[in-house]
Amino acid sequence: MALGPDRRFQLRTDTMTRSQAEAAMIDVGLRKYMLQVYNYMALGVAFTGVVAMLIAMNPPVMQAIVGGPMIWVLFGGILGLGFFAPRIMTSQSVGVAQLCFWVYAALWGALVAPFFFMYTQDSIARVFFITAAAFAGMSLYGYTTKRDLTAMGRFLIMATIGLLVAVVVNIFMQSSGLHLLLSIIVPIIFAGLTAFETQQIKSWYFEGDVGDVTHKKAIFGAFLLYGSFVTMFIWLLQLFGVARE
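Add 856 to the 1-based position in the sequence shown for our numbering, that's all there is to it.
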C-alpha cells in the first residue's frame, strides 16, 4: 500500500531525528574523551614542573644529574618509555597505563630541572606561554581539519629520528651552530606532530571501543601530546630563554 505524503514526511522526520540524536551523542562522547586526554596531559605538565622545581632546589641532586651519568639514565628512560609505551598502555590495565604516564612525566621533570636553574623565571614563564599558544593552535588545527595528516605525520616521525641522531652527535661535538639550528627545527617538527597526533587521537574514538579501552587510549593520547609539548618547550627555552647571571 502506498504511503501518503504525510506519512512519508513523518518517516523522513523520524529518520532525521534519530540521526541528529546519534550525532549529538557522538559529539558529547568525543568532547568528553578529548577533555580527558587534555586533562591528563595538563596534569602531566604540572607534575613535571613540580618535579623540576623540587630538584632545582636540591643542589646535590642537581649535581648528580648534571655532573654524572644520571642524565644518560634519564634520557634512556624517556626514550625507552616512548618506544614501549604503545604496547604497555594497550595491553595492560588502566592502572599500569597511568603509572607509565606518571613515570614518564617524572623522568622529564628530572631532565628539565637543570633548565629551571639555568634560565630566569620570567623567561621560563614567557616561553611556557609561547609553547602553550603554539601547542593549542596546532592541536586545534589537527582536531578541526578535514585534511588527512597521515602522510605528514609519517614524514615528521622519520624526521624525529634524524633529529635524535643529530642531538646525540652534538652532545659530543658541542657545535653552537648545530644547536641553534636544532632549536629552530625541533619546535617546528613537534608542532606539526601535535596536529597529526591530535587528529590520530580523535580518530581512535570512532573505533567504537568502550570502558577501559577508551580510557587507556585517552591516557596514551595524553602521553603523545605531552611529549610533543615538553619537547617544544625545552627547545624554545634554549632559543628564547634568558640565562641567569
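Built from N, CA and C at the ideal position, the CB exists for glycine as well.
Rounded C-beta distance between residue i and residue j? I'm assuming under 8 Å.
i	j	result
Ile1041	Leu1019	7 Å
Ala1074	Val893	5 Å
Val922	Leu1093	Not a contact, Cβ separation roughly 16 Å.
Cys956	Ala969	Contact doesn't hold; Cβ gap of about 21 Å is too wide.
Met1014	Phe972	Met1014 to Phe972, Cβ: 32 Å. No contact.
Tyr960	Phe1079	6 Å
If we call anything under 8 Å between Cβ atoms a contact, is residue i one with residue j?
i	j	result
Met945	Lys1072	yes
Ile934	Leu967	yes
Ser1084	Phe1046	yes
Val1098	Thr976	yes
Met1008	Gly1048	yes
Gln1055	Leu1005	yes
Ala1022	Leu1038	yes
Val907	Gly965	yes
Tyr997	Ala1051	yes
Leu1036	Asn1026	no
Arg1100	Met913	no
Trp958	Phe903	yes
Looking only at its own chain, which residues have a Cβ that is under 7 Å from the Cβ of residue i, when we skip the five neighbours before and after it?
i	result
Asn895	none
Phe991	Thr1050, Phe1085, Met1088
Pro1070	According to the sequence provided, residue 1070 is Thr. The question's Pro does not apply to it. For Thr1070, where only same-chain residues beyond five positions count, the Cβ hits under 7 Å are Tyr889.
Tell me which same chain residues have a C-beta within less than 6 Å of the C-beta of residue i, skipping the five on either side of it?
i	result
Gly1077	Val893, Ile1057
Tyr1082	Met897, Gly900
Met1088	Thr987, Pro1043, Phe1046
Trp1091	Ser1039, Val1042, Pro1043
Tyr1061	Leu886, Tyr889
Leu963	Leu930, Gly933, Ile934
Met856	Look at the range of the chain in this structure, 857 to 1101, and you will see that residue 856 is not part of it.
Ala989	none
Gly905	none
Glu1063	none
In this structure, what does DSSP give as the bridge partners for residue i?
i	result
Tyr975	Ala1099
Check residue i in the structure and name its three-state DSSP category.
i	result
Ala879	With a pLDDT of 49 at Ala879, under the threshold of 50, the predicted position of this residue should be treated as unreliable, though the coordinate-derived value follows. If DSSP states are grouped into helix, strand and coil, Ala879 belongs with the helices.
Leu1034	helix
Leu937	helix
Leu846	There is simply no residue 846 to check, as the chain begins at 857 and stops at 1101 in what is shown.
Gln948	coil
Asn914	coil
Gly923	coil
Gly1067	coil
Phe1089	helix
Phe1079	helix
Phe1062	coil
For residue i, I'd like the list of residues in its chain whose CB is within less than 8 Å of its CB, leaving aside the five on either flank, ordered along the chain.
i	result
Asp1068	Ser949, Val950
Ile980	Phe971, Phe972, Leu1093, Gly1097
Asp978	Val1098
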